[in-house]
Structure formats: C-alpha cells, structure tokens
Amino acid sequence: MDNEKYRFLREKMVEEQIISRGISDKRVIEALRKVPRHIFVDKEYRDMAYEDRPLPIGAGQTISQPYIVALMTESLELTGKEKVLEIGTGSGYQVAILAELAKEVYTVEIITSLYERNKKLLSGYKNIKMSNHNGFLGWKEYAPYDRIIVTAAPDHIPQTFIEQLKDGGIMVIPVGPPGWNQVLYKVIKRSNNIKKISLCDVAFVPMTGNQYAENGGGNDKGIGEGN
Ligand code: SAH
0 MDNEKYRFLR EKMVEEQIIS RGISDKRVIE ALRKVPRHIF VDKEYRDMAY
50 EDRPLPIGAG QTISQPYIVA LMTESLELTG KEKVLEIGTG SGYQVAILAE
100 LAKEVYTVEI ITSLYERNKK LLSGYKNIKM SNHNGFLGWK EYAPYDRIIV
150 TAAPDHIPQT FIEQLKDGGI MVIPVGPPGW NQVLYKVIKR SNNIKKISLC
200 DVAFVPMTGN QYAENGGGND KGIGEGN
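Quick note: the sequence shown, position 153, residue 152 per numbering that gives the first Met the number 0, numbers continuous.
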C-alpha cells in the first residue's frame with residue numbers, strides 16, 4: 000500500500016519537477032521513475048522525499064533536490080558503458096541513480112556513519128563500490144574515470160579530479176564558498192584542454208577534509224574560478 004503511495008508521488012515528481020523543467024534524457028527519466036527515493040531519507044522524512052527540495056540525512060548533510068540530481072546526471076551523458084566516480088555518497092540516492100545508468104560506480108564518503116549506513120542500503124547494487132576516505136584524493140586505485148560527479152562543493156576544481164578524469168571525460172561539479180554563491184559546472188577534458196560550462200547556481204554542502212591531503216599539505220594548484 001505504502002509502495003503504491005510512493006509510486007504515485009514519484010511519478011508526480013518526475014512529471015512536475017523533472018520533465019516539465021526540461022530534462023529530456025529518457026534513460027535518466029526512467030531511472031528517476033524507478034529508484035525509490037524515500038528509502039534513502041530517514042523515516043521521519045519519507046513522506047517528504049518526493050518534494051521539490053533537499054532534505055536532511057543526518058550528520059549535517061543533505062540529499063540533493065530531485066531536479067539537481069536529474070540535471071547533474073543528464074549532464075554526464077551516460078550511455079551504460081561508463082566507469083563513474085562520485086565524491087560525496089551522502090544518502091546514497093545519487094549513486095543508485097548512477098548505478099542504473101552506468102557500468103560501474105565508485106563512490107567516496109568522508110563521514111563514517113553515512114558510509115556504514117550506505118553499505119546496507121546499497122548492497123543490492125553489484126556495480127557500486129564504496130569507500131570511506133577524504134574525497135579530495137579522488138580514488139586513485141580505479142582511476143582514470145570516464146565521468147566524475149562531485150556532490151559537495153569545493154572552492155576550486157581540485158587538480159586531482161582533472162588528473163583522474165579520462166581524456167574525453169566529463170565532470171560535473173559545484174564550485175564556490177559555503178552558502179548560495181556556488182556555480183554548477185560541466186567540465187570537459189580534451190587533451191590538455193579543459194572546457195568549463197556553467198549550468199546554474201546551486202547551494203551544496205561544502206566539501207570538508209584537507210584539500211591538500213594528496214601533496215602532504217602543500218599548495219594545491221587546482222583550477223580556480225576564472226580559469
Ligand atoms: N550525493 C549525495 C549528496 C550528499 S551531500 C546524495 O545523493 O545524497 C554531500 C556529501 O558529501 C555529504 O555526505 C558529505 O559528508 C560528503 N563530503 C563532504 N566532503 C567530502 C570529502 N572531502 N570527501 C568525501 N565526501 C565528502
């Protein structure tokens with residue numbers, strides 16, 4: 000019975016928040032129709048899971064608004080063959096959507112309690128690998144990736160992510176200070192050329208952890224605003 004109710008709310012979400020706002024990739028729309036977003040939020044928020052807003056998921060973090068998940072996913076141009084890296088597993092919802100649309104997904108979460116929670120929640124997906132470490136390192140072991148999606152905002156594009164992205168690869172990343180002044184970028188890597196396309200203004204939780212982790216605390220020459 001509950002499932003019926005949530006299916007109805009999910010369909011309504013897809014029609015009113017996703018299709019009507021211009022998301023047109025059929026595979027993305029199907030994935031949003033399929034994945035039960037309510038199981039990725041805490042019980043007390045289940046009835047709000049299909050609303051047009053982000054929701055708290057504990058540890059001060061949030062599950063992104065459905066439209067932003069759809070926009071970021073569509074921007075990755077997935078065909079089903081890709082190896083994808085996600086930074087910021089959070090609720091696990093975005094990675095479940097990616098697992099429906101790509102070959103393999105690698106996801107990194109810095110908060111141990113969220114990582115533990117997701118191990119259970121996502122155990123049904125055989126093409127998801129999770130790790131509990133500082134995402135500023137990317138995930139070197141499985142690099143390079145066809146696609147990278149970052150779901151917490153750093154204040155610049157870390158060079159590590161550029162390095163771990165394949166030539167011809169696409170990255171979607173929010174960049175900016177904590178709060179409302181962030182821009183969502185689609186980044187395309189071609190040879191040594193990095194093309195940045197701004198998609199819209201967004202408000203993500205900040206990326207935490209030492210951003211200089213990889214080079215032992217030195218100056219990370221990341222790609223800043225305006226590059
Ligand atoms: N993709 C998520 C969005 C979660 S919010 C979803 O679908 O729900 C962003 C997440 O990024 C939070 O869980 C936060 O803990 C995590 N995060 C922040 N900084 C990080 C870092 N340096 N490395 C890995 N994860 C990080």
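Beta carbons are placed, not taken as given, at the ideal position from N, Cα and C, and that holds for glycine.
This one's a predicted model, so the numbers in the text were calculated from it and none came from an experiment.
Residue i versus residue j: straight-line alpha-carbon distance, rounded
i           : j           : result
residue 92  : residue 66  : 13 Å
residue 141 : residue 9   : 34 Å
residue 77  : residue 57  : 30 Å
residue 166 : residue 173 : 21 Å
residue 97  : residue 104 : 7 Å
residue 198 : residue 83  : 20 Å
residue 190 : residue 1   : 50 Å
residue 4   : residue 49  : 11 Å
Identity of the residue in the options nearest residue i by Cα
i           : options       : result
residue 102 : 30, 188, 81   : 81
residue 208 : 172, 133, 193 : 133
residue 170 : 193, 130, 115 : 193
residue 111 : 64, 129, 182  : 129
residue 196 : 183, 62, 205  : 183
Distance CB(residue i)-CB(residue j) smaller than 8 Å
i           : j           : result
residue 121 : residue 89  : no
residue 153 : residue 210 : yes
Contact test: residue i Cβ vs the ligand SAH heavy atom, cutoff 7 Å
i           : result
residue 197 : no
residue 74  : no
residue 87  : yes
residue 83  : no
residue 135 : yes
is_contact[residue i, chain C] using C-beta, thresh 8 Å
i         : result
residue 2 : The displayed structure is made up of one protein chain only, and chain C is not part of it.
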